[in-house]
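A quick write-up on the structure given underneath.
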Amino acid sequence: MQKLAIDGGKPAAPHIIPNARVQITEADIDAVVEVLSSGNLRQGKLCQAFEEAFAYKVGAKYATTVANGTAALHAAYSTLLSPGDEVLVPAVTFFATASMVTWAGAKPVFCDINPRTFVLDVEDARKRVTSGTRAIAGVHLFGNSCDVDAISKLAKESDLKVIWDAAQAHRTLYKGSDIGGLGDVVTYSFYATKNMTTGEGGMVTSPQREHIDQIILMKQQGQSEKYRHTMLGGNYRMTDMEAALGLSQLQRLDELTARRREIASFYDKALAHLTGVKTPEITRDSKHSYHQYTVLLDLEKLNCDRDTFVKRLRAENIGVGINYPYPLHVQEAFHGIADPVELPNAEAYCQSCLSLPIYPSLRDLELDLIVSGFEKVLRHSTQ
């Protein structure tokens with residue numbers, strides 16, 4: 000058996016294969032340079048063009064650009080919630096999904112996840128509905144759609160709003176339709192490593208014009224016209240430089256997504272026969288867009304914990320990630336804000352998850368090296 004690199008053996012890959020890699024083309028650069036040359040840098044015509052093009056792509060009626068995905072969530076929550084409202088939030092998601100509930104004056108109520116698809120366990124969420132519950136955060140985690148029908152049914156039963164967090168779900172489909180066309184609102188992030196990027200930046204889509212109008216007011220200091228402020232707001236605007244990059248990337252989004260799905264299919268087949276690892280399951284009726292390819296280690300079959308496994312794999316020059324090592328309900332930031340709760344599926348997930356590299360510029364040779372390195376570490380870790 001080959002010696003592990005961490006113990007002095009030869010690494011599986013001759014160079015580091017990063018966990019993420021930003022792909023910027025000459026067309027992307029030219030689009031941004033054109034804006035820089037024009038001198039019209041702030042939010043302007045290109046932001047409007049990006050809004051219209053993105054809304055068309057995802058099947059949304061209305062859309063507005065914002066500064067980033069966190070701003071998108073804050074603006075959406077602030078539009079739909081009142082102080083003191085309770086919001087059902089999965090315990091496994093990016094921090095902002097819950098922290099922006101608090102910033103909007105509401106209270107996150109943490110719920111467990113499905114142990115195999117990693118998205119909100121709707122039945123667990125149903126048990127946590129109270130007279131104060133007003134909304135659900137439907138997170139399409141890693142590009143896997145949450146159970147849209149089940150969440151929509153719960154929302155209808157309990158008269159709840161739904162904020163669909165699609166920060167990681169560009170071109171994710173549910174029952175053949177893009178999740179960007181859902182209501183009440185859908186929020187997106189265009190952070191550098193997302194499936195498409197504007198560097199920073201975000202978007203909010205909605206089938207309801209009044210929601211978008213309220214968010215537009217909020218993102219530009221509450222101004223209905225210059226120097227006339229009809230509500231309190233902030234500066235959550237995107238710039239035309241970012242929008243130019245977004246428009247350029249949007250033209251390739253389907254191509255980029257197809258490559259991500261191709262890589263995921265390769266991993267599925269390559270890892271299916273291995274003992275000690277569970278490949279991700281897709282929500283029924285979902286078409287995953289694979290912002291992350293996240294697997295679970297079967298710790299009962301290993302001689303090490305997840306963190307040791309990750310150290311061994313990184314020593315093989317495989318840029319593995321951990322998304323996420325701590326569930327939100329144990330985060331110190333929510334102590335005294337959210338009620339204490341035990342969520343066994345979320346806690347088990349966070350102890351055993353790891354994410355393999357998945358981005359369109361990964362070469363087939365690199366994929367072979369990643370799988371080879373993973374198999375090597377797994378063999379040593381199951382002895």
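Oh and the sequence shown: position 41 is 40 in numbering that gives the first Met the number 0, straight run, nothing missing. Just so it is clear, CB atoms sit at the ideal spot from N, CA and C, and this is done for glycine as well.
To the nearest angstrom, report how far apart Asp-304 and Val-376 are at their CA atoms. 12 Å
Residues that Met-202 bridges to, as DSSP identifies them: Thr-64 and Tyr-187
Helix, strand or coil: how does DSSP classify Glu-85 here? strand
Please identify the residue among Met-0, Val-185, Asn-18 and Ala-12 whose C-alpha is closest to the C-alpha of Thr-293. Asn-18
Can you say whether Ala-257 is buried or exposed, counting buried as having 16 or more other CB atoms within 10 angstroms of its CB? exposed
Length of the line joining the Cα atoms of Arg-208 and Glu-25: 36 Å
Inspect the CB distances between the segment 58-69 and the segment 166-185 and report whether three or more fall short of 8 Å. yes
What residue range does the beta strand (DSSP E) around Asp-253 cover? From DSSP, Asp-253 is part of no beta strand (DSSP E) but of the alpha helix (DSSP H) over 252-270.
Between which two residues does the beta strand (DSSP E) holding Ala-26 run? Run containing Ala-26: none in the beta strand (DSSP E); it sits in the alpha helix (DSSP H), 25-37.
Locate the alpha helix (DSSP H) running through Leu-45, then write down its first and last residues. 44-57
Limits of the unbroken beta strand (DSSP E) element including Pro-114: That residue, Pro-114, is in no beta strand (DSSP E); it is neither H nor E in DSSP.
Counterpart residues of Cys-145 in DSSP-defined beta bridges: None, per the DSSP bridge assignment.
Option in Gly-131, Thr-307, Asp-158 and Val-276 with minimal Cα separation from Lys-106: Gly-131
Taking only the alpha-carbon atoms, compute the straight-line gap between Glu-254 and Ala-242 and give it to the nearest angstrom. 19 Å
Per DSSP, what are the beta-bridge partners of Leu-295 in this structure? Lys-277 and Cys-352
Helix, strand or coil for Leu-172 per DSSP? strand
Have a look at Val-88 and Thr-69 and give me their C-alpha separation to the nearest angstrom. 15 Å
Quick one: grab the DSSP three-state call for Ile-5. helix
CA-CA distance, Pro-343 and Leu-45? 46 Å
What first and last residue would you give for the beta strand (DSSP E) that runs through Lys-160? 160-164
Enclosing alpha helix (DSSP H) for Ala-243 [first to last residue]: 239-249
Does the structure place the segment 101-120 close enough to the segment 326-343 that three or more beta carbon pairs sit under 8 Å? yes
Tell me where the beta strand (DSSP E) around Thr-229 begins and ends. Counting along the chain, Thr-229 falls outside any beta strand (DSSP E), and DSSP gives it neither H nor E.
Separation of His-334 from Leu-119, as counted between CA atoms: 21 Å
Per-residue DSSP class, three states only, for Phe-109: strand
What is the rounded straight-line gap between the Cα of Ala-314 and the Cα of Tyr-325? 23 Å
Which residues in the same chain as Ala-52 place their Cβ atom closer than 7 Å to its Cβ, once the five residues preceding and following it in sequence are excluded? Leu-246 and Leu-249
Using only the alpha-carbon positions, how far apart do Pro-359 and Ile-317 sit? 16 Å
For Leu-231, count the other beta carbons within 10 Å of its own beta carbon; 16 or more makes it buried, fewer makes it exposed. Which is it? exposed
Between Gly-372 and Leu-312, how many whole angstroms is the CB-CB distance? I'm expecting something under 8 Å. 6 Å
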